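Notes for the one structure printed next.
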Amino acid sequence: MFDRTTRMLLAITLVFIIAYLPFISLELIKYAAPGLFASMSGVSLAAHNLFWRSYLINSCANAIIYCMYDLRFRRESLKIIS
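Just so we're aligned: the sequence shown equals residues 191 to 272 in the working numbering.
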């Protein structure tokens with residue numbers, strides 16, 4: 191039904207949305223309720239910090255997606271590593 195390129199772009203788009211959603215949500219909450227994050231500690235602070243950096247997952251996942259769907263990218267990556 192879909193060719194490899196379409197599936198790859200769909201996967202990249204979905205990962206982008208999923209990875210950036212927690213970060214964008216925190217930003218919106220920060221502007222809606224500025225004092226909310228000042229009183230956090232413990233588990234809630236750790237979860238906040240994890241969600242705050244969730245956008246980094248996108249960069250890591252892109253390389254994995256490219257390796258899964260693009261044979262040339264995979265070959266060139268292996269050349270660089272070895």
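For glycine and all other residues, C-beta sits at the position ideal for the given N, C-alpha and C. Only a predicted model underlies this, so the values are computations on that prediction, with no experimental measurement involved.
For a test of the three-state rule: what should DSSP assign to residue i, helix, strand or coil?
i	result
residue 243	coil
residue 230	coil
residue 249	helix
residue 192	coil
residue 267	helix
residue 215	helix
residue 319	It is not possible to answer for residue 319, since the shown part of the chain is limited to 191 through 272.
Using 8 angstroms for Cβ pairs, my map puts residue i next to residue j. What's the rounded Cβ distance?
i	j	result
residue 241	residue 200	So it is not a contact: roughly 24 angstroms between Cβ atoms.
residue 222	residue 244	Not a contact, Cβ separation roughly 19 angstroms.
For residue i and residue j, I'd like the C-alpha separation in whole angstroms.
i	j	result
residue 238	residue 254	26 angstroms
residue 175	residue 265	Here the chain covers residues 191 to 272 and nothing more, so residue 175 does not appear.
residue 214	residue 232	22 angstroms
residue 198	residue 267	17 angstroms
residue 218	residue 212	10 angstroms
residue 236	residue 230	9 angstroms
residue 226	residue 194	44 angstroms
Could you tell me whether the segment 243-257 touches the segment 205-212, where touching means 3 or more Cβ pairs closer than 8 angstroms? Contact holds: three or more Cβ-Cβ distances are below 8 angstroms.
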